[in-house]
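Here's the structure we're looking at; comments come further down.
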Amino acid sequence: MWGYVGRRLALAIPTLLGASVIVFAMVHLAPGDPIAAVLPVDASKEQVELVKKAYGFDKPLPVQYLKWLGRVATGDLGKSIATRRAVILDVRDSLANSLVLALSSSLLAFMLGIALGLLAAFCQGRWVDKAASVLAVIGVSVPHYWAGIILIIVFSVWLNWLPAMGAANDPGLREYLRHIALPTVALALIPLGVITRVVRSAALDVLNQEFVLALRAKGLVSRRVFTHVVKNAAPQILTVLGLQFGFQLGGSVLVEAVFSWPGTGYLLNLAIFQRDIPVLQGVILVLAAFFVLLNLAVDLLQTLVDPRIARH
Amino acid sequence: MAVTALPRDLDAVVGAPMSYWRTVAWRLGRDPATLVAAAVLALIALSALLAPWLAPYDPSAGSIRLRLAPVGAPAHVLGTDEQGRDMLTRLLWGGRMTLVAGLTPVLVAFVVGTALGVLAGYIGGLTNTLVMRTMDIFYAFPAVLLAIAISGALGPGLPNTLISLSIVFVPRVVRVAESATVQVKSLEYIAAARASGAGVRAIVRHHLLANVLGPILVFASTQVSLSIILAAGLSFLGLGVTPPAAEWGLMLNTLRQSIYVNALVPALPGLAIFITSMAFNLLSDGLRDAMEIRA
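So the sequence lines, in the order shown, correspond to chains A and B. According to numbering that gives the first Met the number 0, the residues represented by the first sequence are 0 to 311, in order. According to numbering that gives the first Met the number 0, the residues represented by the second sequence are 0 to 294, in order.
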């Protein structure tokens, strides 16, 4: 067990380093000069050299990478070219907003998805099962940015119940909830579809095993059988929950763009259009690190729930 | 493989057993959801292909006086967009772009990913470690983030969309191809082929590929809908196809501001993406069931 934990931890490090290489390379393979955004069009050659030197762009790429990695390791993600603020501050603020949105949408999707999936499995072949399957297909097929726009059309334009965009300016939980409601629903659709499917098939797998038949044969009531099924399906369900939560964090870019939600996706979008390279790098790197660590946590948690997994 | 003995198929049951692919085709033909999905996709593909002949107007010709005509307006069945261009025309033309941008990356991933995955799985050892660890790195990013990040760095345009989405899907196919190859490689018939003197090439081409292509194909088919949603999503963010070209995601983006004037017309391009992606999902579900592959 502990050997497995150690091995799994060791595997995360090269992955993180690789991710940092990709993030670094992505920007330097890109066409156009990374400093073009800060310079006036008619900048002289000396000015260009000066700015290049200031940002360290005059060194060879491997040197730039190592220097950058060294700074990143100490939590210094550089300064935004557009606002001159430290990138880490922008990323921190937006990450908090994204986390809240990821949590709220995950919570909604987890609860509904698990309930629907179990219900479908226990009513296999009946109309509840069919309805859940249809809902699941819709969930995984719907372009969530479009779903966001539809929600705005219905709840903001037609009914005028909820605000169409942004986070709340006034303090107060009520306003906050009103603003986060629509993005939460839009972002919950995909995980809802995925979780319903996985939970249904995981529960069915257990239901079809002989021990369930034995439990029923010895006269156990359905409610107790249910607990057995949930216990046995738990590791598989747990994995998909962890993965989906990670996807919510990185996948919210489009939904955040639709609702102008001030999270990492919104920041990333802004950075792309201002060609603000340090911010672009910072956001992606932090999100990737988060995602890798989350996957690690899910793996370890899974071994805890079902120690047999470590042996594979 | 239990084929139910219906009177119609008595021949197949009594006589020689049906070949695998004939069984698959037979099952697909009896699955209504898959058939409907296939018909819808055929219709979408055909209308996109024939857009220049089917479309009633020029996709870039608009008129300011006719801006945002509602659905059902005279001469414009599906209304007009914010520049007064006919929506039906642009939806037909837009389908071409969206389908190309969504299907190409999965095709590229299918070819490249299968080659890399089979290679890594069959050779094993250091090659396997190198290829698979490299692919693992791409798993450090959620798909949406990776696509947007690469497109954001490369800049807008269809070619860059294709590059970034291919980078998203290749590692996924490699993983599936590798694990399928490793599984099949350890089967006895491969050992028998090797014992009877078959070379690596012959084994891979005649014995291995036939048995791993099925699962890989099914997996690739499940990715098409995601690819279409992402391709349109990139355009929606302004990172994909550039205006004035018609593309569903881009149309959704430019029409977004108009929801306060006319709510129905801006919803249409997204509806088109939704229907297409759902049809692909249903088709791949049907294919998986028919091929008896557990994903």
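Even glycine gets a Cβ: it sits at the ideal position worked out from N, Cα and C.
Review point. Is the beta carbon of Leu107 (chain A) sitting closer than 8 Å to the one on Ala187 (chain A)?
Key: For this step, residue 107 (chain A) is matched to residue 108 along the first sequence. For this step, residue 187 (chain A) is matched to residue 188 along the first sequence. Closer than 8 Å, so yes.
Point to revise | Simplified DSSP state of Thr82 (chain A), which is helix, strand or coil | key: Position 83 of the first sequence, counted from the first residue, corresponds to residue 82 (chain A). Coil at Thr82 (chain A), not helix or strand.
Practice item. For Ala287 (chain A), name the three-state secondary structure that DSSP assigns. Key: The sequence position of residue 287 (chain A) within the first sequence is 288, counting from 1. Looking at Ala287 (chain A) - three-state DSSP - the assignment turns out to be helix.
**Study point:** 4 or more residues per run - each alpha helix (DSSP H) lying fully within the stretch 158 to 231 of chain A
**Key:** 172 to 206 and 209 to 216
Check your understanding: Exposed or buried, what is Tyr144 (chain A) when buried is set at 16 or more other beta-carbons lying within 10 Å of its beta-carbon?
Key -> If you number the first sequence from 1, residue 144 (chain A) lands on position 145. Tyr144 (chain A) should be labelled buried.
Exercise for review: Verify the CB distance criterion: does Ser103 (chain A) have a CB-CB separation below 8 Å to chain E?
Suggested key: Although the question refers to chain E, the structure presented lacks it and instead comprises the protein chains A and B.
Exercise for review: Taking Leu282 (chain B) as the reference, give the member of B:Asn261, B:Ala219, B:Ala271 and B:Pro265 with the closest Cα.
Suggested key: Mapped onto the second sequence, residue 282 (chain B) falls at position 283. For Leu282 (chain B), the nearest C-alpha among the options comes from B:Ala219.
Exercise for review: List the residues of chain B that Trp145 (chain A) touches, going by C-beta distances under 7 Å, in chain order.
Suggested key: As a position in the first sequence, residue 145 (chain A) is number 146, starting the count at 1. Those within 7 Å of Trp145 (chain A) in chain B are Leu251, Gly269, Ile272 and Phe273.
**Study point:** 7 Å CB neighbourhood of Ile292 (chain B) in its chain, flanking five on each side removed
**Key:** Residue 292 (chain B) sits at position 293 when you count from the first residue of the second sequence. Answer for Ile292 (chain B): Gly213, Pro214 and Val217, listed in chain order.
Check your understanding: What separation, rounded to the nearest whole angstrom, lies between the Cα atoms of Val285 (chain A) and Leu153 (chain B)?
Key -> Start at 1 with the first residue of the first sequence, and residue 285 (chain A) comes out as number 286. Start at 1 with the first residue of the second sequence, and residue 153 (chain B) comes out as number 154. Distance between the alpha carbons of Val285 (chain A) and Leu153 (chain B) is about 20 Å.
Exercise for review: Using the Cα positions of Ile12 (chain A) and Arg91 (chain A), report the straight-line distance between them to the nearest angstrom.
Suggested key: For the purposes of this step, residue 12 (chain A) is taken as the residue at position 13 of the first sequence. For the purposes of this step, residue 91 (chain A) is taken as the residue at position 92 of the first sequence. Going by the C-alpha atoms only, they are around 22 Å apart.
Exercise for review: Report the rounded CA-to-CA distance for Val26 (chain A) versus Arg222 (chain A), giving the unit in angstroms.
Suggested key: Counting from 1 along the first sequence, the entry for residue 26 (chain A) is found at position 27. Counting from 1 along the first sequence, the entry for residue 222 (chain A) is found at position 223. Approximately 56 Å between the Cα atoms of the pair.
Exercise for review: Check whether the Cβ atoms of Leu238 (chain B) and Ile162 (chain B) sit closer than 8 Å, and answer yes or no.
Suggested key: Here residue 238 (chain B) refers to the residue found at position 239 when the second sequence is read from its first residue. Here residue 162 (chain B) refers to the residue found at position 163 when the second sequence is read from its first residue. No. Outside cutoff.
Review point. For Asp41 (chain A), which beta-bridge partners are listed by DSSP?
Key: Within the first sequence, the letter at position 42 stands for residue 41 (chain A). The partner list for Asp41 (chain A) (beta bridge, DSSP) is empty, contrary to what the question assumes.
Point to revise | Close beta carbons around Ile189 (chain B), own chain, < 8 Å, minus the five adjacent residues each side | key: In the second sequence, residue 189 (chain B) corresponds to position 190, counting from 1. The answer, listed in chain order, is Val183, Ile202, His206 and Leu207.
Review point. Going along chain A, which residues have a C-beta under 8 Å from Leu281 (chain B)?
Key: For the purposes of this step, residue 281 (chain B) is taken as residue 282 along the second sequence, with counting starting at 1. Within 8 Å Cβ-Cβ: Val136.
Review point. Straight-line CA distance for Pro288 (chain B) to Ala32 (chain B)?
Key: Numbered from its first residue, the second sequence carries residue 288 (chain B) at position 289. Numbered from its first residue, the second sequence carries residue 32 (chain B) at position 33. For clarity, residue 288 (chain B) is Asp in the given sequence; the question names Pro instead. If I take the Cα positions, the gap works out to 12 Å.
Check your understanding: Given Val141 (chain A), which residues of its chain have a CB within under 6 Å of its CB, disregarding the five upstream and five downstream residues?
Key -> Start at 1 with the first residue of the first sequence, and residue 141 (chain A) comes out as number 142. Leu188, listed in sequence order.
Review point. Smallest Cα separation from His227 (chain A): which of A:Ala9, A:Ala72, A:Gly262 and A:Phe121?
Key: In the first sequence, the residue the question calls residue 227 (chain A) occupies position 228. Here the closest residue by C-alpha is A:Phe121.
Check your understanding: Leaving out five residues before and five after Val4 (chain A) in sequence, what residues of the same chain have Cβ atoms less than 7 Å from its Cβ?
Key -> On the first sequence, residue 4 (chain A) is found 5 positions in, with the first residue counted as 1. Same-chain partners within the cutoff: Leu299.
Point to revise | With 16 other Cβ atoms within 10 Å as the buried cut-off, status of Gly71 (chain B) | key: Your numbering for residue 71 (chain B) matches position 72 in the second sequence. By the 10 Å Cβ count, Gly71 (chain B) comes out exposed.
Point to revise | Reference Pro104 (chain B), options B:Ile228, B:Glu177 and B:Val117, closest by Cα | key: As a first step, residue 104 (chain B) must be located in the second sequence, where it is residue number 105. Out of B:Ile228, B:Glu177 and B:Val117, B:Ile228 has the C-alpha closest to the C-alpha of Pro104 (chain B).
Check your understanding: Whole-angstrom Cβ separation of Leu267 (chain A) and Leu279 (chain A), contact assumed at under 8 Å?
Key -> The sequence position of residue 267 (chain A) within the first sequence is 268, counting from 1. The sequence position of residue 279 (chain A) within the first sequence is 280, counting from 1. So it is a contact: roughly 7 Å between Cβ atoms.
**Study point:** Terminal residues of the alpha helix (DSSP H) in which Trp25 (chain B) lies
**Key:** Position 26 of the second sequence, counting from 1, holds the residue named residue 25 (chain B). That run of the alpha helix (DSSP H) goes Tyr19 to Leu27.
Practice item. With DSSP as the reference, label Ala192 (chain B) as helix, strand or coil. Key: Mapped onto the second sequence, residue 192 (chain B) falls at position 193. In the structure shown, Ala192 (chain B) sits in a helix (DSSP, three-state: H, G or I).
Point to revise | Neighbouring residues, chain A, relative to Pro73 (chain B) (Cβ below 7 Å) | key: Your numbering for residue 73 (chain B) matches position 74 in the second sequence. Neighbours of Pro73 (chain B) on chain A: none; closest Cβ ~24 Å, over 7 Å.
Review point. Touch check for the stretch 158 to 174 of chain B and the stretch 103 to 117 of chain B: three-plus C-beta pairs under 8 Å?
Key: yes
Practice item. Consult DSSP for Glu291 (chain B) and reduce its assignment to one of helix, strand or coil. Key: Position 292 of the second sequence holds residue 291 (chain B). Coil at Glu291 (chain B), not helix or strand.
Review point. By how many angstroms is the C-alpha of Ile152 (chain A) removed from the C-alpha of His75 (chain B)?
Key: Counted from its first residue, the second sequence places residue 75 (chain B) at position 76. Counted from its first residue, the first sequence places residue 152 (chain A) at position 153. Taking the straight line joining both Cα atoms gives about 22 Å.
Review point. Ser276 (chain B): which of B:Gly156, B:Gly101 and B:Leu236 sits nearest, CA to CA?
Key: Walking along the second sequence from the start, residue 276 (chain B) turns up at place 277. Nearest of B:Gly156, B:Gly101 and B:Leu236 to Ser276 (chain B), Cα basis: B:Gly101.
Exercise for review: With a 10 Å radius around its C-beta and 16 neighbouring C-beta atoms as the bar for buried, classify Ala119 (chain A) as buried or exposed.
Suggested key: In the first sequence, residue 119 (chain A) corresponds to position 120, counting from 1. By the neighbour-count rule (16 or more Cβ atoms within 10 Å), Ala119 (chain A) is buried.
**Study point:** Local Cβ density within 10 Å of Asp89 (chain A), reported as buried at 16 or more and exposed below that
**Key:** Counting from one through the first sequence, the residue named residue 89 (chain A) turns up at place 90. It counts as buried.
Exercise for review: Kindly list the residues whose CB is nearer than 6 Å to the CB of Val205 (chain A), restricted to its own chain and excluding five residues on each side of it in sequence; keep chain order.
Suggested key: The count along the first sequence starts at 1 and reaches residue 205 (chain A) at position 206. Val228, Asn231 and Ala232.
Review point. Any idea if Gly17 (chain A) is buried or exposed, counting beta-carbon neighbours within 10 angstroms, 16 or more meaning buried?
Key: As a position in the first sequence, residue 17 (chain A) is number 18, starting the count at 1. Flag for Gly17 (chain A) reads buried.
**Study point:** Contact set between Val184 (chain A) and chain B, taken where Cβ atoms lie within less than 8 Å
**Key:** Looking up residue 184 (chain A) in the first sequence gives position 185. What Val184 (chain A) touches in chain B: nothing, since even the nearest Cβ is about 16 Å away.
Review point. In the structure shown, what three-state DSSP assignment does Ala72 (chain B) receive?
Key: As a position in the second sequence, residue 72 (chain B) is number 73, starting the count at 1. Three-state DSSP puts Ala72 (chain B) in a strand.
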